[in-house]
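Asker: The sequence shown runs contiguously to residue 201 in our numbering.
I have a structure I would like to understand better, so I am pasting it below and will then ask my questions one at a time.
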Amino acid sequence: MIETGYVHRLRAGAPDKPILLVLHGTGGDENQFFDFGRRLLPEATILSPRGDVSEYGAARFFRRTGEGVYDMSDLSRATEKMAAYVTALAAEYQASHVLGLGFSNGANILANVLIEKGIFDAAVLMHPLIPFQPEARSTLAGRKVLVTAGQRDPIAPIAATEALSAHLESRGAEVRTVWHAGGHEIAPLEIDAVREFLSGY
């Protein structure tokens, strides 16, 4: 077994099936989306780490200095660690595809790993916030991304969500954005969109 550096839950799937990384939001843990991932892709390897940063007792994947203000050096550290973690376990479990699903803080680290490393074949970003302009690096052609968001989300504003989608599209990713009328909560139509998006894997 590979030493990952994260407390995590893992359900080994069949060889030549996908690995699905599921990432919780601030204050969640490795249980938040684990069963959801198992229901989405019953034959896949499901990997659910707990964030290794504590913010007043709430688990996160990287540090911040305020709401929407990221510690960029820690984000870089977290991105390198997460990319190595996923790559190693995808190889160990002989995954056919590398898939990711994250909510809020989990969506943010997932988005940054995709932007910086491009290691995911498909990613679900639920209520992401990337409050900076990412650099255009290598192409993301062939990657599929589903972004879900709330039109009244006080944490992830519409303009920031649209800017992230536009950046990913400009890099060649195939991006679909699904909106609901509420805030930072997950709405039923998002769940339906996720099921449809991942059904091909």
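Think of the CB as a built atom: it goes at the ideal place given N, C-alpha and C, for glycine as much as any other residue.
By the three-class DSSP mapping on this structure, what secondary structure does L168 have?
Answerer: helix
Asker: Using only the alpha-carbon positions, how far apart do D71 and E55 sit?
Answerer: 13 Å
Asker: Taking P15 as the reference, which of A90, V69, Q32 has the closest Cα?
Answerer: A90
Asker: Per DSSP, H8 is paired with what?
Answerer: P49
Asker: Report the start-end ranges of each beta strand (DSSP E) in the segment 47-114 that is 3 residues or longer and not cut off at the edges.
Answerer: Under the rule that a run must span 3 or more residues, the beta strand (DSSP E) segments found entirely inside the segment 47-114 read 53-55, 58-60, 64-66, 98-103.
Asker: How long is the line joining the alpha carbons of V113 and Q32, rounded to whole angstroms?
Answerer: 20 Å
Asker: Which residue from A59, L40, P42, I115 puts its Cα closest to that of P49?
Answerer: A59
Asker: Note down the Cα distance separating T161 from D192, rounded to an integer number of angstroms.
Answerer: 20 Å
Asker: So does the segment 170-179 actually touch the segment 96-113, counting three or more Cβ pairs closer than 8 Å?
Answerer: no
Asker: Counting only the same chain and skipping the five closest in sequence on each side, list residues whose C-beta sits under 6 Å from that of L21.
Answerer: L47, V86, G100
Asker: With R176 as the anchor, note down where its alpha helix (DSSP H) starts and where it stops.
Answerer: Looking at the DSSP string, R176 is not in any alpha helix (DSSP H); the run it does join, the beta strand (DSSP E), is 174-180.
Asker: Please state whether DSSP places T26 in a helix, a strand or coil.
Answerer: coil
Asker: Please classify I158 as buried or exposed, where buried requires at least 16 neighbouring CB atoms within 10 angstroms.
Answerer: exposed
Asker: What residue does the alpha helix (DSSP H) around G37 start on, and which one ends it?
Answerer: 34-40
Asker: Assign I2 to one of three DSSP states: helix, strand, or coil.
Answerer: Caution applies to I2, whose pLDDT of 45 falls short of 50 and renders its modelled position unreliable; the value that the coordinates give is listed next. Note: I2 maps to coil in three-state DSSP.
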